[in-house]
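A.B. asks: This is the structure, below, for whatever I ask next.
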Amino acid sequence: MCIRITLIFENIYDEVSINSVAKSYDRRFKIVNNPIILSQLPDGERWFESAYSSCECSTGIGSFELFTRNVENVIEQLKDKSIAEEVRTEEVKRKSMYKKDVDNWGEFIKSLIRKYNFKRVGLLMHFTDDDLARADFLILDKYVVKYSDINPEVLMKIKNELYIILWIIKLVKAKQIKVRNIREG
């Protein structure tokens with residue numbers, strides 16, 4: 001199983017315009033035509049996946065528990081001090097990797113909204129070992145995060161199969177989307 005981080009945009013944005021911004025963040029996306037998933041999105045939206053990788057298991061998106069865990073009590077129980085130091089070093093590297101990735105995602109998303117006037121950006125995390133064009137899963141819930149609240153902690157707290165909508169403006173169609181603060185979920 002691999003983690004897949006996908007994006008959702010309004011139909012007015014195409015691959016070329018999205019990728020012209022994405023390349024500055026070492027990202028590239030392609031459209032996913034999956035009727036099962038598209039039927040769960042609001043009308044007029046497209047689903048995009050990474051064109052570079054089919055596995056994003058090292059992403060900082062959704063990594064909050066891994067990022068905040070404390071392994072010191074486990075390390076202290078190791079008898080071999082060289083192994084303990086190796087575990088500690090690996091944990092520091094992993095957390096640094098998550099932070100760098102989530103910062104990159106945050107800057108990319110903010111850039112789309114701030115510099116390129118995207119009204120909203122949808123973010124969806126999913127575990128799969130299948131081609132996303134054939135994926136069959138239910139989007140469990142939808143959360144809305146205002147532009148001013150987009151930060152590493154919010155991105156790290158994203159859960160599997162939740163559609164996170166990142167806005168520059170306040171929610172307009174509140175009856176269509178259940179709004180809940182991501183910190184409560």
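Okay, so the sequence shown: first residue is 1 according to the numbering used here, each after it adds one.
Beta carbons are placed, not taken as given, at the ideal position from N, Cα and C, and that holds for glycine.
1. Would a C-beta distance cut-off of 8 angstroms place Ser-63 and Met-156 closer than the cut-off?
2. State the start and end residues of the unbroken alpha helix (DSSP H) segment that holds Thr-128.
3. Mapping the DSSP letters down to three states, classify Lys-81 as helix, strand or coil.
4. Can you give the Cα-Cα distance for Glu-107 and Arg-120, rounded to whole angstroms?
5. Straight-line CA distance for Phe-9 to Val-74?
6. Report the three-state DSSP secondary structure of Asp-14 (helix, strand or coil).
7. How big is the Cα-Cα spacing for Asn-181 and Val-102?
8. For Glu-184, does the count of other Cβ atoms within 10 angstroms reach 16, so buried, or fall short, so exposed?
9. Quick one, which of Ile-139, Asn-160, Val-87, Thr-68 has its alpha-carbon nearest Glu-76's?
10. Return the CA-CA distance between Ser-96 and Asn-104, expressed in angstroms with no decimal places.
11. Whole angstroms is fine: what's the gap from Pro-35's alpha carbon to Asp-14's?
12. Report yes if the C-beta distance between Cys-2 and Asp-131 is below 8 angstroms; otherwise report no.
13. Report the residue ranges of all alpha helix (DSSP H) runs contained in full by the region 24-82; include only those spanning at least 4 residues, in chain order.
14. Can the beta-carbon of Ser-50 be found closer than 8 angstroms to that of Phe-29?
15. Among Asn-33, Asp-149, Asn-19, which residue has its Cα nearest to the Cα of Ala-135?
16. Using the Cα positions of Lys-175 and Arg-69, report the straight-line distance between them to the nearest angstrom.
C.D. replies: Short version:
1. yes
2. Counting along the chain, Thr-128 falls outside any alpha helix (DSSP H), though it belongs to the beta strand (DSSP E) covering 120-128.
3. helix
4. 14 angstroms
5. 43 angstroms
6. coil
7. The pLDDT assigned to Asn-181 is 39, lower than 50, so where the model puts this residue is not dependable, and the model offers no usable value.
8. Only weak support exists for where Glu-184 lies, its pLDDT of 42 falling under 50; the value from the coordinates is given anyway. Burial call: exposed.
9. Val-87
10. 12 angstroms
11. 18 angstroms
12. no
13. 35-38, 64-68, 72-77
14. yes
15. Asn-33
16. Legend: pLDDT at Lys-175 = 33, less than 50; position of this residue unreliable, value from coordinates given subsequently. Their Cα atoms are separated by approximately 37 angstroms.
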